[in-house]
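K.L.:
Chains as they are written, first to last, in full-length UniProt numbering: chain A, 1 to 347; chain B, 1 to 548; chain C, 1 to 281.
Dropping the structure in here first, questions after.
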Amino acid sequence: MKSFFSMWRRLPRPLRIILSRVGILVPQMFGVMLVTFILIRLLPGDPTLLLLGNMATPEAIQSLRERLGLNDSIWVQFLHYVGNVVHGDLGTSIFTSNPVLTDLQERAPATLELIVWAMLVTILIGVAVAVAATVRRGGIIDHASRIYGLAAGAIPDFWVALLLIFFLFSLAGIAPAPFGRIDALLTPPQRITGFYTVDSLLTGNWEALGSAAARLALPVLTLTIVNAGALMKLTRTVFGDVYRSDFIRHARACGLPERVIVRSALRNSLPPIITLVGFLFGFLLGAAVLVETIFAWGGLGQYAVQAVTNSDYPALQGFVLVAAAFILLVYMVVDILYEFADPRIKV
Amino acid sequence: MSGSANVSLLKVENLTVAFGGAGSVLTDVSFRIGRGEIVGIVGETGAGKSVLTRAIIDLLPPGGRVVRGEIQVEGRSVSGLSDAEKRELRGGEVALIGTNAKLLLDPVATVGTQVMRVLRAHHKVGKAEARRRTIDVFRQVGIVNPEARFDAYPHEMSGGMAQRIIIAMALIAGPKLILADDATLGLDATIQAQVLDLLASKGRELGLGVLLITHDLGIVSHYCDRVGIMQGGHLVEMKPVTAFLRGPETPYSQALLDAAKVRPTPMDAAGADGAIEHPPLLDVKDLRKTFVVDGGQTVVRAIDGVSFSVRQAETLALVGESGSGKTTVGQCLLKLLPADSGSAVFDGTEILGLTERAFRGMRRRLQVVFQEPYVALNPRWQVEDLVSEPLALLADGGRAPRAAQVERLLDLVHLPRRVRTLYPHQLTAGEQKRVGVARALATDPDFVVFDEPTTALDIRVRAQIIDLVRELQARIGLSALFITHDLNSVRSLAHNVAVMRYGKIVEHGETERIFSAPQDPYTKMLLAAELPIEGDLPAHPASLKQVV
Amino acid sequence: MTRLPASMRRHLGAAAAIGLLLLVLQIVAIVFAPAIAPYSPVDADPLNSLQPPSTAHWFGTDVSGMDIFSRVVFATRINLLISIVAVAGAFAIGVPIGLVIGFYKNPLSSLVMRAFDFIQSFPVFVLGMALVSVLGQEVWNVAIVLAVLFIPMFARLIRAEVLSLRERPFISAARCSGATDLSIMFRHILPNALTPVIVQVSISIGMAILLTAGLSFIGAGVRMPTPEWGLMVSTGAQLMILGVWWVALFPGLAIVFSVLCFALLGDYARAVTDPSAETIS
C-alpha cells in the first residue's frame with residue numbers, strides 16, 4: 001500500500017489527474033446501467049411484452065425471457081443486462097425494428113453537431129458579454145446583460161424556437177425551412193466525422209456546407225439564447241468577484257496593464273466556468289430533445305421523443321443509457337480540465 | 001535628525017478624500033517623505049490609513065474622490081498625470097505592499113511569473129533577462145533556493161515567504177517610494193521582525209522613502225524615523241519617533257501610547273507563595289495529539305508530550321507561534337478534539353476519558369473565550385440569547401431571573417445594557433470580544449481558557465480587554481489558561497509562562513524570570529522579535545526606558 | 001447593513017415589485033379562474049377553430065376551437081400546482097436528509113451523497129422524460145418525478161452549508177456552552193443553513209414550471225384536453241410555420257412571466273439574505 005502511494009506520487013501531476021478520473025468512470029458506468037435497468041423494471045406489467053410490443057410472437061417472448069433471465073434473481077438479471085450492454089446489445093427498437101445501438105449510432109452525429117456548435121457560440125457570447133459588462137461597469141452592455149440574464153432563464157427553449165421560426169422563416173423568409181439538417185434536394189456530404197459542416201468542408205462541398213450552416217442557424221440560435229444567459233450570469237459573478245479581489249487590486253497597484261489584468265482574472269475564473277459548461281452539456285442534451293423535434297433534426301433527441309410517443313421502451317432505455325454515458329464522459333473531461341486549471345487541487 | 005533630504009520624494013498637501021455624499025474620510029492631511037526616510041503612520045481601524053495609501057497611487061476604492069489638496073511624487077502632481085503615466089507610477093515609482101500577502105498573489109500563476117509581469121510592465125526586458133533579474137531579487141529578499149521557488153505557486157508558500165514575494169514584487173521595477181500598508185499583520189513575531197528588518201535595510205540601502213502604515217506603536221518605535229498619528233481622517237500629530245515617545249502632543253496620542261505599554265502582572269494571586277500544598281486545579285500530564293494529513297501520508301505531532309499545572313487563582317500563559325500546538329492544547333482540554341494519550345485532571349476528576357454526556361456537567365466549571373470574536377458568535381442570535389445560552393448548564397436553569405442574569409453579565413464585562421437586543425454584526429470588535437467573555441463567565445466557571453484574546457484588536461481595545469481580564473482575575477479569583485503569541489499581553493496578565501514549539505514545552509517558569517533571564521534559545525529568539533515600547537531600543541537609544 | 005449601492009437597490013426594489021405583482025396575478029388567476037375565464041377551458045367548438053384574437057376571444061382559439069385565454073388562465077392552476085407540490089416535496093425530503101448527512105460524518109452519509117451525485121449526473125430533462133413515460137403520463141406522476149429529481153439538489157445545498165457551518169467557531173462555542181447535538185443542529189445550524197435554500201426554492205419552482213411544460217410539449221407530460229401551458233404551445237407548434245402565431249404565443253408568454261416571477265423573487269431573496277451584506281470586517 002505504502003509503495004503504491006509513493007509510486008503514485010512520483011507520477012507527473014497531469015498523468016495522476018487523468019488516471020484517477022478515468023478510474024472513477026467504471027463504477028459510474030455500472031451505476032448508469034443500474035438506473036436504466038431499474039427504469040424498465042418500474043414499468044407495470046410484463047417487461048417482455050413492453051420490450052417487444054403487443055405484436056410480439058410467443059417465440060420471441062420466450063427467447064427474450066430467456067435472454068433477460070426473467071426467472072433468475074434480480075441480480076442475475078442485472079448481470080445479464082450488463083453483459084448485453086458490454087457486448088453492444090441494447091435490444092431491438094419496436095418502432096424501427098433495428099438494433100437500438102445501430103439507430104443511436106446513426107443519429108448521434110446530428111445531435112452532437114447541434115450541441116457542439118451551440119456550446120461554442122454560448123461560451124463565446126456568454127463569456128465575452130460578462131467580461132465586457134464587468135470591465136465597463138454601468139455601461140450599456142452591463143445593463144442590457146442584466147435584463148437578458150434575468151429573462152434568459154425564464155424562456156422555454158421550445159417556445160423560442162417557434163418564435164424564431166415564425167419571425168425569421170414565416171414572416172421574413174430569411175431562415176431556411178425547419179425541416180432537417182440539410183436541404184432535401186442536396187445529397188449530404190460523404191460521411192467522415194458525421195458533422196455535416198465539417199464533412200462538407202473536408203470534401204469541399206460548398207453547396208452542402210452553405211445549406212448545413214443555414215439549417216444549423218436557428219436551432220443553434222435557440223439553444224444559445226436560452227443557455228448563454230446562465231453562463232453569462234455565472235461568469236459575471238465569478239469574474240466580477242475575481243476582478244474586485246485583493247490580488248487584482250494589487251496587480252493594478254503594481255501598474256500592470258489592463259489587458260494583463262483581465263487575462264489573469266479570466267484565468268482565475270476558469271474553474272467554475274468549466275464546471276458550468278460541463279453541466280450545460282447535460283442541459284443542452286435535454287434541450288436538444290425539444291429543439292430537434294421542432295426542427296425535424298433526425299438526431300437522438302427526436303429518436304427519444306418517438307420512443308416516448310410509441311412506447312418504444314428498448315429505444316428509450318438505450319437513449320437514456322447513451323445520454324448518461326455521454327454526460328459522464330463530459331464530466332470526466334470537465335473534472336480533468338478543472339484540475340489542470342487550478343494548481344491548488346491535490347490529486 | 002535622520003537624513004531627510006532636501007527634495008521631498010512624496011509631498012501630500014491638505015489631502016481631503018470623501019466617499020459619495022458622506023463626510024470626508026481624510027481631512028487636510030499634509031506630510032512629506034524624503035529619500036532614505038522611514039515614516040510611520042499609526043491609527044486605529046477606520047482612521048483612514050489605507051485610504052491614504054490608495055490615494056497616493058490614485059486607486060481609491062469605487063466612489064472615493066479627492067475633494068481637495070494635492071499629492072506630489074518627486075515634484076510631479078499625481079492628479080495631473082495621464083492614465084498611462086499613472087500606470088507607470090504605480091509599481092514603477094511608488095510600490096505598494098499590502099496586508100496578507102497570500103491574498104495579494106494570483107493563486108493560479110507561479111510567483112516568478114507574477115514578479116516578472118511587474119518588471120515587464122515597467123521596463124522593456126526580454127523573458128530570459130526578466131527571469132534572471134527576478135531570481136536576483138528573490139535572492140535579495142532572502143528567498144532560499146530562488147531558482148526553484150520561481151516556479152512555486154502561492155499556496156505552496158508560508159505567509160512569511162509570500163510576504164517576501166510581495167516585497168520582491170515591490171522592489172523589482174526599481175521604485176523610489178514604498179508604501180507598506182499593515183504589511184506584517186497576522187505574521188508570527190519572529191517572521192514579522194525578519195520582514196520588517198528586510199524592508200528597513202533595503203529602504204536604507206537603496207535610498208528609498210518608506211511609508212509604514214501600522215496599528216502597532218512597537219513597530220514604529222523600532223523602525224521609523226518619524227511617526228504620524230491618524231484619528232478619524234485627521235493627521236493629528238507628526239514628529240520624530242524619539243520626540244513622540246518622550247511626549248506626545250495630543251491626548252489621543254497619549255492614550256494610544258499608554259495603551260500600548262505593558263502593565264506589570266498583578267502578583268497578588270493566591271498562588272504567590274505558600275500555596276504549594278494546595279493540589280493544582282488543573283493538572284495536565286504528558287498530553288499527546290497527532291493529526292494525520294495528506295491522505296495518511298504524513299503524521300503531524302501537534303502536541304508531543306505536554307505537561308503543566310494551574311493552581312487556583314493562577315494564570316498560566318501558553319506562548320508560541322502558529323503551528324506550535326498551543327491552540328490544540330486548549331481544544332483538547334475543552335474536549336473539542338479528542339486527545340491521543342496523557343491525562344488532564346481537573347479538580348480531582350480525569351476529564352480526557354469522559355464521554356461528551358458525562359463531561360457536559362463539567363462544562364459549567366470549565367469555560368473558554370474564543371479567538372475571533374465575530375465568528376465565535378452565532379450571527380442570527382441576539383446578544384441576550386448568546387449570553388444566556390450557557391445558563392442552561394446551571395442546575396436551576398436560571399429560568400426566572402434570566403433578564404437579571406443577562407444584565408449582571410453585561411455589567412460584569414462593562415457592556416451597556418442596550419446591546420441586549422443587538423446582533424453580533426452590529427457590535428464593534430471590542431464589544432464582540434466582551435460578549436464572548438460574558439458567555440464564558442455566565443456559569444461562574446472555576447477555570448477559563450482564553451484563546452488569543454488580544455489578537456487583531458486595535459491598540460486601545462486590546463488594552464481594554466487586558467484591563468478587563470486583570471479585573472476579573474482580581475475580583476473573582478479566576479484561574480486561566482492564556483493561549484497567545486502576544487508576549488506583551490503575557491507580561492500584563494500571566495503569573496507563569498510556558499513556551500511551546502513544535503508541540504513541546506521548551507521553557508516553563510514564572511513570567512518575570514522568563515522575561516528577564518530566558519534560558520532556551522527559542523525563548524530568546526521570541527523575546528528578541530518582540531517590539532515593546534519599553535526595553536532596549538537599539539535604533540533609538542534616547543527612547544523611554546521603563547522598569548517592567 | 002445592505003452594502004449595495006443605492007442605484008442597485010432601486011433596481012432590486014423595482015424587480016421585486018414586478019415579481020410580487022406577477023405572483024399576485026397568478027394567485028388571482030388560480031383562485032378566480034372560473035370567474036375570469038369567459039369560456040370553459042376544455043369545451044371544443046369546431047365551428048370556431050383557429051380564430052385570431054378578437055374581442056370575443058382575446059387570445060384567439062385553437063384547432064378544436066377552445067378559447068385560448070380561458071385555457072391560459074385555467075392552466076395556471078395545473079402548472080403551479082405541479083411545480084409547488086414538486087418543490088415542496090423535494091424540500092421536505094431533501095432538507096432533513098441534507099442536514100443529517102452533513103452533520104454526521106459516516107460511511108452511510110458519504111454513500112447517500114455518492115448516490116445523489118450520481119442521480120444529478122443524469123441530464124434532468126432526459127431522466128424526467130423517461131421516468132414520466134414509464135410511470136404513466138399523469139399529473140401526479142409529473143409532480144412526483146420532478147420532486148425526486150429535485151431532492152438531491154436541496155439535500156446537497158443544505159449539506160454544503162452544514163459542512164461549512166459545522167466547522168465555524170460558533171459551533172464549538174455553543175458546545176462549550178453546553179448545547180446538545182439536537183440544539184446545535186436545529187437552533188444553530190439549520191437557521192443559518194436555510195438562507196440559500198429559500199432562494200433555491202423560488203428558483204426551483206421556476207425550473208419545475210419549465211420542465212413540466214417541456215415534458216408536455218414532447219408528449220411526455222399531461223395529456224389533452226387538460227389546460228397546461230406546454231401542451232398548449234405544442235398544439236400551436238406546427239401552426240407557427242404556417243403563420244398562425246396566437247396558439248403558441250400566449251401560453252408561451254404565460255410560462256415566461258410565471259418563471260420570471262419566481263426568478264425575480266429568488267433574486268430578491270438572495271440579495272436580502274446574502275450573508276456578505278451583513279458582515280462587517
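For every residue, glycine included, the Cβ atom is placed at its ideal position computed from N, Cα and C.
Only a predicted model underlies this, so the values are computations on that prediction, with no experimental measurement involved.
Ordered along the chain, which non-local residues of its own chain (more than five positions away) have a Cβ less than 7 Å from that of A:ALA287?
P.N.:
Counting only Cβ-Cβ distances below 7 Å, and skipping sequence neighbours, we find ASP157, LEU223 and VAL226.
K.L.:
If you draw a straight line from the C-alpha of C:ARG166 to the C-alpha of C:ILE97, how long is it?
P.N.:
Those two C-alpha atoms are separated by around 16 Å.
K.L.:
With burial defined as no fewer than 16 other Cβ atoms inside 10 Å of the residue's Cβ, what is the status of A:THR187: buried or exposed?
P.N.:
So A:THR187 counts as exposed.
K.L.:
Report all residues from its chain with a CB closer than 8 Å to the CB of C:VAL132; omit the five preceding and five following residues, and keep chain order.
P.N.:
Result list for C:VAL132: ASN141, VAL142, VAL145, LEU215, ALA220 and GLY221, in chain order.
K.L.:
Name the two residues that bound the continuous beta strand (DSSP E) containing B:SER8.
P.N.:
From DSSP, the beta strand (DSSP E) with B:SER8 extends over 8-19.
K.L.:
In this structure, how does DSSP classify B:ASN145 when only helix, strand and coil are distinguished?
P.N.:
Residue state, collapsed to three classes: coil.
K.L.:
Report yes or no: do the segment 423-443 of chain B and the segment 200-215 of chain C share at least 3 C-beta pairs separated by less than 8 Å?
P.N.:
They do not touch, by the three-pair rule.
K.L.:
Please confirm whether C:ILE241 has its beta-carbon closer than 8 Å to some beta-carbon of chain A.
P.N.:
C:ILE241 counts as touching chain A.
K.L.:
So if DSSP puts B:SER230 in a beta bridge, which residue, or which two residues, is it bridged to?
P.N.:
The question names Ser, but residue 230 of chain B in the sequence shown is Met. B:MET230 is bridged to B:GLY43 and B:LEU235.
K.L.:
Taking Cβ-Cβ distances below 7 Å as the criterion, which residues of the segment 40-55 of chain C are in contact with chain D?
P.N.:
Note that chain D does not occur in the displayed structure, where the protein chains are A, B and C.
K.L.:
So what does B:THR214 bridge to, in DSSP terms?
P.N.:
B:VAL42, per the DSSP bridge assignment.
K.L.:
Can you look up C:ALA237 in the DSSP assignment and give me helix, strand or coil?
P.N.:
In the structure shown, C:ALA237 sits in a helix (DSSP, three-state: H, G or I).
K.L.:
By Cβ distance below 7 Å, which residues in the same chain neighbour C:ARG71 in space, the five residues on each side in sequence not counted?
P.N.:
So the list reads PRO41, PRO227 and MET232, once near-sequence residues are dropped.
K.L.:
Is it buried or exposed, A:GLY318, if we count other Cβ atoms within 10 angstroms and call 16 or more buried?
P.N.:
It counts as buried.
K.L.:
Quick one: list the residues of chain A neighbouring C:MET113, beta-carbon separation under 7 Å, in chain order.
P.N.:
Chain A residues near C:MET113: none, gap ~13 Å exceeds 7 Å.
K.L.:
Around the Cβ of A:MET33, are there at least 16 other Cβ atoms within 10 angstroms (buried) or fewer (exposed)?
P.N.:
When all chains shown are included, A:MET33 counts as buried.
K.L.:
Can you tell which of A:VAL308, A:HIS87, A:GLY91 and A:LEU42 has the C-alpha that lies nearest to the C-alpha of A:ARG65?
P.N.:
Among A:VAL308, A:HIS87, A:GLY91 and A:LEU42, the Cα nearest to that of A:ARG65 belongs to A:GLY91.
K.L.:
Which residues bound the beta strand (DSSP E) around B:HIS508?
P.N.:
Segment 504-510, the beta strand (DSSP E) holding B:HIS508.
K.L.:
With a threshold of 8 Å on Cβ separation, who are the neighbours of B:THR511 within its own chain once the five nearest residues in sequence on each side are excluded?
P.N.:
THR265, ALA317, VAL490, ARG491, ALA494, HIS495, ASN496 and VAL497.
K.L.:
Do the segment 233-245 of chain A and the segment 264-273 of chain A meet, that is, are 3 or more Cβ pairs less than 8 Å apart?
P.N.:
Yes, the segment 233-245 of chain A touches the segment 264-273 of chain A.
K.L.:
Name the DSSP bridge partner or partners of B:GLY34?
P.N.:
Partner(s): B:SER8.
K.L.:
Between the beta-carbon of C:LEU111 and the beta-carbon of C:ILE30, is there less than 8 Å?
P.N.:
No, the pair does not count as a contact, with Cβ atoms beyond the cut-off.
K.L.:
So what's B:GLU372 in DSSP terms, helix, strand or just coil?
P.N.:
B:GLU372 falls in the coil class under three-state DSSP.
K.L.:
Can you check whether the CB of B:SER221 is closer than 8 Å to the CB of B:ILE533?
P.N.:
In contact: B:ILE533 and B:SER221 (Cβ atoms closer than 8 Å).
K.L.:
Using a Cβ-Cβ cut-off of less than 9 Å, list which residues of the segment 106-140 of chain C approach chain B; keep chain order.
P.N.:
Of all residues in the segment 106-140 of chain C, none has a Cβ within less than 9 Å of some Cβ in chain B.
K.L.:
Measuring alpha carbon to alpha carbon, tell me which residue in C:VAL201, C:ARG159, C:LEU260 and C:GLN26 is nearest C:TYR104.
P.N.:
The residue with the shortest Cα to Cα distance from C:TYR104 is C:ARG159.
K.L.:
Kindly indicate the opening and closing residues of the beta strand (DSSP E) around B:GLN426.
P.N.:
Looking at the DSSP string, B:GLN426 is not in any beta strand (DSSP E), and its letter there is neither H nor E.
K.L.:
Decide if A:MET7 is buried, meaning its Cβ has at least 16 other Cβ atoms within 10 Å, or exposed.
P.N.:
Exposed: under 16 other Cβ atoms inside 10 Å.
K.L.:
Per DSSP, B:SER343 is paired with what?
P.N.:
BP columns for B:SER343 point to B:LYS285.
K.L.:
Heavy atom of the ligand HEM less than 7 Å from the Cβ of C:ALA179, yes or no?
P.N.:
Ligands in the displayed structure: none, and consequently the ligand HEM is not present.
K.L.:
Quick check: is the beta carbon of A:ILE18 nearer than 8 Å to any beta carbon in chain C?
P.N.:
Chain C, which has no Cβ nearer than 8 Å to the Cβ of A:ILE18, makes this no.
K.L.:
Look at C:ALA237 and A:LEU162 and say whether their C-beta atoms are less than 8 Å apart.
P.N.:
Yes, the pair counts as a contact, with Cβ atoms nearer than the cut-off.
K.L.:
Does any CB atom of chain A fall closer than 8 Å to the CB of B:PRO279?
P.N.:
No, because no Cβ of chain A sits closer than 8 Å to the Cβ of B:PRO279.
K.L.:
Are the C-beta of C:PHE217 and some C-beta of chain A separated by less than 8 Å?
P.N.:
Yes, C:PHE217 lies at the interface with chain A (some Cβ there is under 8 Å from its Cβ).
K.L.:
Less than 8 Å between the beta carbons of B:LEU179 and B:ILE97, yes or no?
P.N.:
Yes, the pair counts as a contact, with Cβ atoms nearer than the cut-off.
K.L.:
Between A:GLU292 and A:PHE281, what straight-line distance do the alpha-carbon atoms span, to the nearest angstrom?
P.N.:
Cα to Cα, A:GLU292 sits roughly 15 Å from A:PHE281.
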